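Q:
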Amino acid sequence: MRTRRCISLHPETQHETDCEIDLAVRVVGWFCKEGVFDQMKIESLRVQGFKSIRDIKISALSGVNVFFGRNDVGKSNIFEALSLWSWLLVTAEEADGQIAYADLDNAFPTPFQLEGAGQIQIQVRVLVRAKDISSNGVKDSPASRLDARLRHAGLEQCVLESTVALERRADKKVAFQIRNHWKEWEDFSLSPQEVASVLPRFHRIGATRRFESERWTQRNGEQPVDHYNLKQKLFYAYLSSDFQQKKRLEAIQRILAQEPFALGTLDIALDPETNRIDIGFIRPQGRLPLENLGSGSQQLLLILGQLFLGDYAWVALEEPEMNLSPFYQEHLLGVLRRLMQDPSVSLTQLFISTHSPYLEFTENFYDVFLDENNNTRVVLADDRRRSAFFALTPTGPDTQARLNSLNQVKLYDALVADLGLKRGDLVLFVKNEDTGHWEIRSATEVAQELQSHIQQ
3 MRTRRCISLH PETQHETDCE IDLAVRVVGW FCKEGVFDQM KIESLRVQGF KSIRDIKISA
63 LSGVNVFFGR NDVGKSNIFE ALSLWSWLLV TAEEADGQIA YADLDNAFPT PFQLEGAGQI
123 QIQVRVLVRA KDISSNGVKD SPASRLDARL RHAGLEQCVL ESTVALERRA DKKVAFQIRN
183 HWKEWEDFSL SPQEVASVLP RFHRIGATRR FESERWTQRN GEQPVDHYNL KQKLFYAYLS
243 SDFQQKKRLE AIQRILAQEP FALGTLDIAL DPETNRIDIG FIRPQGRLPL ENLGSGSQQL
303 LLILGQLFLG DYAWVALEEP EMNLSPFYQE HLLGVLRRLM QDPSVSLTQL FISTHSPYLE
363 FTENFYDVFL DENNNTRVVL ADDRRRSAFF ALTPTGPDTQ ARLNSLNQVK LYDALVADLG
423 LKRGDLVLFV KNEDTGHWEI RSATEVAQEL QSHIQQ
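Residue numbers (my numbering): 3 to 458.
1. Assuming GLY312 and VAL227 form a contact by the criterion Cβ under 8 Å, report the distance between their Cβ atoms to the nearest whole angstrom.
2. Which residue from ASP149, VAL166, GLU441, ALA167 puts its Cα closest to that of GLN159?
3. Going by Cα to Cα distance, which pick from GLU261, PHE52, GLU332 is closest to LEU106?
4. With a threshold of 8 Å, are at least 3 pairs of Cβ atoms found where one atom belongs to the stretch 324-331 and the other to the stretch 172-187?
5. Report the rounded CA-to-CA distance for SER64 versus GLU45, giving the unit in angstroms.
6. Quick check: the stretch 345-358 against the stretch 64-79, are there 3 or more CB pairs under 8 Å?
7. Report the three-state DSSP secondary structure of TYR368 (helix, strand or coil).
8. Give the DSSP bridge partners of HIS183, in chain order.
9. To the nearest angstrom, how far is the alpha carbon of LYS235 from that of HIS229?
10. Among ALA239, ALA264, ALA132, whose alpha-carbon lies nearest the alpha-carbon of ARG162?
11. Which class does PRO291 belong to by DSSP, given the choice of helix, strand or coil?
12. Helix, strand or coil: which one does DSSP assign to LYS175?
13. In this structure, what does DSSP give as the bridge partners for VAL227?
14. What number of angstroms, rounded off, separates the C-alpha of SER215 from the C-alpha of ILE279?
15. ARG72: buried (16+ other C-beta within 10 angstroms of its C-beta) or exposed?
16. For PRO144, count neighbouring C-beta atoms within 10 Å of its own C-beta (all shown protein chains included) and say buried if the count is 16 or more, exposed if not.
17. Is it the case that the Cβ atoms of PRO202 and ALA119 are separated by a distance below 8 Å?
18. Based on Cα-Cα distance, which residue from LEU349, PHE310, VAL317, ILE305 lies nearest to LEU334?
19. The alpha helix (DSSP H) that contains HIS333, what's its start and end?
20. Between ILE442 and LEU421, how many whole angstroms is the CB-CB distance? I'm expecting something under 8 Å.
21. Helix, strand or coil for LEU168? Go by DSSP, reduced to three states.
22. Going by DSSP, which residues form a beta bridge with LEU268?
23. Could you please give me the residues that DSSP links to ARG131 through a beta bridge?
24. Specify the secondary structure class of GLY307 as computed by DSSP and reduced to three states.
25. Take the Cβ of ILE122 as the centre, count every other Cβ of all protein chains shown within 10 Å, and call the residue buried at 16 or more, exposed below.
26. Ignore the nearest five residues each way along the sequence and tell me which others in LYS59's own chain have a CB closer than 6 Å to its CB.
27. For GLN300, which of LEU268, GLY288, LYS412, ALA253 has the nearest alpha-carbon?
28. Going by beta-carbon coordinates alone, are VAL347 and ALA253 separated by less than 8 Å?
29. Give me the Cα-Cα distance between LEU309 and ALA419, rounded to the nearest whole angstrom.
30. Write down the C-beta distance between LEU90 and VAL166 rounded to the nearest angstrom, noting that I regard them as a contact closer than 8 Å.
31. Roughly how many whole angstroms lie between the Cα atoms of GLU95 and GLU196?
32. Around the Cβ of ARG339, are there at least 16 other Cβ atoms within 10 angstroms (buried) or fewer (exposed)?
33. Taking its Cβ as the centre, do 16 or more other Cβ atoms sit within 10 Å of PHE81, making it buried, or is it exposed?
34. What are the start and end residues of the beta strand (DSSP E) that includes ALA318?
Shown next as structure tokens:
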């Protein structure tokens with residue numbers, strides 16, 4: 003019989019970020035949920051001189067953005083750049099200063115482009131609406147001062163242009179400058195950390211994700227959510243007195259228990275003798291330990307836990323398809339969107355890097371590739387550009403499909419039914435020499451025709 007230890011805990015929602023690059027980012031206010039962290043959305047960005055990136059511009063970012071490309075084309079470098087920008091705003095005590103190159107390199111390995119000028123510049127443009135600002139009742143906070151400015155000027159919105167520049171010095175130091183300029187006011191200024199208190203902090207979830215053996219400690223709330231401490235965070239949420247944290251855990255439990263995954267009821271227990279945290283799923287046949295599940299189901303929990311327990315507004319998720327079956331990949335984006343709509347979840351903008359053709363065709367799909375000089379390039383694949391890359395059948399919502407990067411196209415249910423196909427059946431593509439048209443034929447049908455000809 004299992005026992006659980008009840009311990010009074012309080013949630014830690016400190017944000018984590020890492021990255022580096024030269025980039026320009028435009029952020030637009032997005033009124034969705036209460037709290038200023040939930041109301042900002044990165045609209046566009048520019049990156050220069052970071053790792054494989056010489057100069058890229060990315061525009062028209064939305065709630066879910068998918069960056070698709072081969073290995074080593076620089077998808078994760080884009081996310082690291084956003085993390086560096088966010089990290090500098092949070093950590094810099096002054097607008098001008100220096101940091102040791104070793105410290106920067108430790109947080110963001112090899113940040114400067116190898117053949118570049120040793121300079122990184124990050125420009126961020128933020129559109130803030132008056133109704134998006136929440137000071138949470140704190141007087142003389144950066145948010146309350148900004149709100150007062152807007153009200154006094156009778157404005158509904160304002161624009162912040164935040165610029166971060168880094169330059170590598172010969173003395174193994176990196177000089178940085180941070181400039182925050184409000185377009186509407188020349189005399190209104192906020193320090194880097196004050197600006198950081200108004201903006202969400204960017205969080206990146208790397209492609210390395212695996213569960214580890216964990217024991218509960220009273221200090222488990224001090225670190226951001228990561229794969230190596232996710233069991234502690236799940237147990238922490240299970241016992242937490244924070245209502246929103248419990249709601250986020252319940253949302254994850256609900257998603258995993260329902261179709262299409264139907265893993266059972268997520269159960270979190272603690273061994274009172276060893277303090278070892280035990281995760282499992284309760285099913286009609288009994289309780290199945292997490293370690294008895296396949297790597298795909300474990301990856302699902304790793305993704306959902308890191309995305310939604312951390313209470314982050316801006317998150318980059320690298321290669322979510324890892325270890326997931328095609329069926330799970332096909333349904334993953336829909337599940338993520340459902341959780342993003344949950345009132346208890348702060349996530350308002352998601353960045354995904356992927357190789358999966360199942361994640362290619364979102365409302366925002368970016369093609370990432372290397373040019374002839376091995377520099378990262380990013381192109382937004384709008385409908386017109388997609389038509390050039392991917393074949394499209396004539397018209398009709400139920401009769402069109404895009405050819406993905408694996409040279410595959412989905413056969414719709416009506417067509418499958420007409421052909422009498424089932425999973426695993428061989429499908430033949432035959433060109434009619436008389437008409438020049440291609441025909442889709444089931445192997446069974448072709449075999450029957452051949453048999454008929456032989457008998458004749």
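Glycine included, each C-beta is placed from N, C-alpha and C at the ideal position. Everything numeric in this text was worked out from a predicted model, so none of it was measured.
A: In this structure, then:
1. Indeed they touch by this definition, with Cβ atoms about 4 Å apart.
2. Proximity to GLN159 across ASP149, VAL166, GLU441, ALA167 peaks at ASP149, based on C-alpha coordinates.
3. If we check each option's Cα against that of LEU106, PHE52 comes out closest.
4. They do not touch, by the three-pair rule.
5. For the pair SER64 and GLU45, the Cα-to-Cα distance works out to about 7 Å.
6. The count of Cβ pairs closer than 8 Å, one atom from the stretch 345-358 and one from the stretch 64-79, reaches three, so the stretches are in contact.
7. The three-state secondary structure of TYR368, taken from DSSP, is strand.
8. BP columns for HIS183 point to GLU163.
9. Straight-line Cα distance between these residues: approximately 10 Å.
10. Here the sequence assigns Leu to residue 162, which means Arg is not the residue at that position. Comparing Cα-Cα distances from LEU162 to each of ALA239, ALA264, ALA132, the minimum goes to ALA132.
11. Reduced to three states, the DSSP call for PRO291 is strand.
12. For LYS175, the three-state secondary structure derived from DSSP is strand.
13. Beta-bridge pairing links VAL227 to no other residue.
14. Roughly 8 Å separates the two Cα atoms.
15. By the 10 Å Cβ count, ARG72 comes out exposed.
16. Under this definition PRO144 is a buried residue.
17. It is not a contact, given that the beta carbons lie outside the stated cut-off.
18. Taking the Cα of LEU334 as reference, the smallest distance to any Cα among LEU349, PHE310, VAL317, ILE305 is reached at ILE305.
19. Segment 328-342, the alpha helix (DSSP H) holding HIS333.
20. The C-beta separation of ILE442 from LEU421 comes to about 7 Å, placing the pair in contact by the 8 Å criterion.
21. Correct three-state label for LEU168: strand.
22. For LEU268, which the question treats as bridged, DSSP gives the partners PHE283.
23. Looking at the DSSP assignment, ARG131 forms a beta bridge with GLN159.
24. Of the three classes helix, strand and coil, the one that applies to GLY307 here is helix, per DSSP.
25. Label assigned to ILE122: buried.
26. ARG48, listed in sequence order.
27. If you compare the alpha carbons of LEU268, GLY288, LYS412, ALA253 with that of GLN300, the shortest gap goes to LEU268.
28. Their beta carbons are under 8 Å apart, which means VAL347 touches ALA253 by this criterion.
29. Answer to the nearest angstrom: the Cα atoms are 38 Å apart.
30. The pair is a contact, with the Cβ atoms about 5 Å apart (cut-off 8 Å).
31. Cα atoms of GLU95 and GLU196: separation of roughly 10 Å, rounded to the nearest angstrom.
32. With a 10 Å radius around the Cβ and a threshold of 16 neighbouring Cβ atoms, ARG339 comes out exposed.
33. With 16 or more other Cβ atoms within 10 Å, it is buried.
34. Secondary structure note for ALA318: its beta strand (DSSP E) is the uninterrupted segment 316-320.
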